[in-house]
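What follows is one structure encoded as structure tokens, with my remarks underneath.
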Amino acid sequence: MKFQKDKFFAVTQHQLTSFFETLAGLFIFSIRFFKEVFLPPYEVVEIRKHMIELGMKTLPIVGVTGFIIGLVMTMQLQPVLQRFGAEAFLPGSIGITIVRELGPVITALIFAGRVSSGIGAELGSMRVTEQIDAMEVSGVNPFRLLVVTRVFATTFILPLLTVYVIFISLVGSYIAVVLVQNMTWEYFTGRVIFAVEFADAVPGILKTFVFGFIVGIVGAYLGFNAKNGTEGVGKASTTSVVVSSLLILIIDMVLVKLTLWVWPNVN
Amino acid sequence: MLINMVKITDLHKSFDDLVVLNGVSFSVETGQNMVVFGRSGTGKSVLLKCLIRLMIPDSGEIFIKDHNVLNLNRKELNELRKDIGFLFQGSALYDSMSVRENLEFPLIRNFNLEQDEIKDRIHKVLEAVDLSDAIDKMPSELSGGMRKRIGLARSIITKPKLMLYDEPTTGLDPITSKEISTLIVDLQHAFKMTSIVVTHDVLCAKIIADCAIVLEGGHIVHEGTIKELLAAEDPFLKNFFSDEVINNNGRN
């Protein structure tokens, strides 16, 4: 029994150490990113290529998810609001929830699952097969070509995807509404636009830049530093998803608190 | 007068408690082909990677063409690297690029060349490695030997003065190994390069080497020509080359 207890503590200690080591490494890696991102040459063609690739890769899955979230949330909320006689607030409350929280966070989490793991696996595979070394040897800065371009692309494509997901979620929500009551699309969107304020929309979209950065930097960091062959590639890929998802939720918590501090009347 | 292309002095490199290089010193003259022998894990690849600063040694000095590699800033290092070719053990071809793009990559990134000049160089190196028809293939469509050849073509397309080969014949069948070794010598003569080759393949060394060193326990334990090493009475060398000696006797 004692042995198992010791083992449990040893494993926990190892995992905690490993997690904090990853965070420290990520911090240093991020500093390097900000040092290099402003230096020429600017890899515009590569950034555009990654933005298109990553955006197109994620568009269908986030679209389907956004539609279902909007649909299901409305189906759940409708009877609750009906119970309190507040059914008229349905489009507004759905709109606010999606714009402020669900749209950005759900999109970021799905983006993390799809893209962070992809970047981790791709760069990890390039690391263990010495392709990154080959780039360095040929006088090319692999950090700028592989990391900066991808992180830049994820940072700026996620806000666009989030706007798309918000729109699709509202479509899903509208379909759920018209299944049980008569309402025009114009009336529905009018109620949403009336309810959603500047202070709801701007922080919601702004935080997706941070989430996009997290998704890119975590995948790139773990892939770029992968070791131990194919096992290391797999580990980089799965750890990327876990770490980036966890960081998205933690940072979201901080940003929500920060938003309420900056715009105290948003509640 | 022969001048040193590479000069390494008292190089040390450890990984935690594991001492890999412990005071390695040698020099390679311009135009010479040197082979580095040693058992697996004796730091041969680490030596090559320190040479081109893919790894930073703990102490020691490395001079390439009179530049102290360890003191160069990033820009100077990249300039120096343009004169160095490196053939990796697994070829390290960029998976997402075709053969043409792999070959174009170092030229487009580092040299301000006209499109015609780039095409011409690609054509010439592919001809040199006898793989002109593979130009539009992806690395995944190539065999191990073909990948090595394309890797070699990519290394020499920048016309380097110094070539570093990390186990160029590992994982290849004896006939392809011999072909690659012969190709390395032919290219060395054609492009007048200096080479350092890390290998355990004695046949490859016999074809390529002007001189050789043997690494063991972090030190250079023997230095000389291949003939001298094969004929040496030292028990370690006899053991190291034993199969080769037997095979040679059998063939003779």
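Order-wise, the sequence lines are chains A and B.
So for the first sequence, this note's numbering puts the first residue at 1; every next one is plus one.
So for the second sequence, this note's numbering puts the first residue at 1001; every next one is plus one.
Ideal placement from N, C-alpha and C gives every residue a C-beta, glycine not left out.
- By a beta-carbon distance limit of 8 Å, ILE1062(B) does not contact GLU1029(B). Their separation comes to about 16 Å.
- Against chain B, the beta carbon of THR17(A) has no neighbour under 8 Å; the closest one sits roughly 16 Å away.
- Proximity of the region 248-260 of chain A to the region 1026-1045 of chain B falls short of the contact definition, fewer than three beta-carbon pairs being nearer than 8 Å.
- DSSP, reduced to helix, strand and coil, places LEU1018(B) within a strand of the structure shown.
- PRO40(A) counts as exposed, since fewer than 16 other beta carbons sit within 10 angstroms of its beta carbon.
- Straight-line measurement puts the Cα of PHE89(A) at about 47 Å from the Cα of GLY234(A).
- One Cα belongs to GLU53(A), the other to THR238(A), and the distance between them is close to 21 Å.
- Here DSSP, grouped into helix, strand and coil, assigns TYR187(A) to helix.
- Closest option to ILE1175(B), judged by alpha-carbon separation, among THR1194(B), GLY1145(B) and ILE1196(B): GLY1145(B).
- ASP1095, SER1096, PHE1105, PRO1106, ARG1109 and ASN1110: these are the residues of the region 1095-1123 of chain B whose beta carbon lies less than 9 Å from some beta carbon of chain A, given in chain order.
- ARG1147(B) does not reach chain A, its nearest Cβ partner there being about 11 Å away, counting only Cβ pairs nearer than 7 Å.
- Annotation for ASN1110(B): LYS1082 place their beta carbon closer than 6 Å to its own, counting only its chain and skipping 5 residues before and after.
- Not flagged as an interface residue toward chain B: GLY118(A), since no C-beta distance is shorter than 9 Å.
- Within the region 142-166 of chain A, no residue has a Cβ lying closer than 7 Å to any Cβ of chain B.
- Taking 8 Å as the upper bound for CB-CB distance, LEU1021(B) and GLY1043(B) are in contact here, some 5 Å apart.
- Between SER244(A) and SER116(A), the C-beta spacing is below 9 Å.
- Put simply, the CB of ILE1084(B) is near chain A, with a gap under 9 Å to one of its CB atoms.
- Within the region 118-134 of chain A, contact with chain B at the beta-carbon level (separation under 7 Å) is assigned to THR129, GLU130, GLN131, ASP133 and ALA134.
- In its chain, beyond the 5 residues on either side, GLY120, ALA236, THR239 and SER240 have a beta carbon closer than 6 Å to the beta carbon of LEU222(A).
- Residue pairing of SER1059(B) in beta bridges, as defined by DSSP: HIS1012(B).
- C-alpha of MET1055(B) to C-alpha of ILE132(A): approximately 13 Å in a straight line.
- DSSP places ASN1004(B) in the strand class (E or B) of the three-state scheme.
- Taking all protein chains shown into account, SER169(A) has 16 or more neighbouring C-beta atoms within 10 Å of its C-beta and is therefore buried.
- Under a 10 Å Cβ-count criterion, GLU36(A) is classified as exposed, with fewer than 16 other Cβ atoms of the shown protein chains found around its own Cβ.
- Judged by beta-carbon spacing, ILE1122(B) lies beyond the 9 Å limit of LEU1164(B), meaning their Cβ atoms are not closer than that value.
- Collapsing the DSSP output to three states places VAL1129(B) in coil.
- With a beta-carbon spacing of about 6 Å, LEU1103(B) and ILE1157(B) fall inside the 8 Å limit used to define contacts.
- Any Cβ of chain B closer than 9 Å to the Cβ of VAL233(A) would place that residue at the interface, and such an atom is absent.
- Listed in chain order, the non-local C-beta contacts of PHE213(A) below 6 Å within the same chain comprise THR155, local neighbours out to five positions each way being set aside.
- For TYR164(A), no beta strand (DSSP E) run applies; the uninterrupted alpha helix (DSSP H) run containing it begins and ends at 149-180, by DSSP.
- The C-beta of THR1158(B) comes closer than 9 Å to at least one C-beta of chain A.
- At a Cβ-Cβ threshold of 9 Å, ILE1052(B) and PHE1015(B) do not count as neighbours.
- In this structure, the beta-carbon distance from LEU1011(B) to LEU1047(B) falls below 9 Å.
- Residues of the same chain with a CB within less than 6 Å of the CB of MET126(A), apart from the 5 flanking positions on each side, are ILE132 in chain order.
- Of all residues in the region 1033-1054 of chain B, the ones placed with a Cβ closer than 8 Å to any Cβ belonging to chain A are LYS1049, ILE1052 and LEU1054, in chain order.
- Here the C-alpha atom of LEU1162(B) lies approximately 5 Å from the C-alpha atom of THR1194(B).
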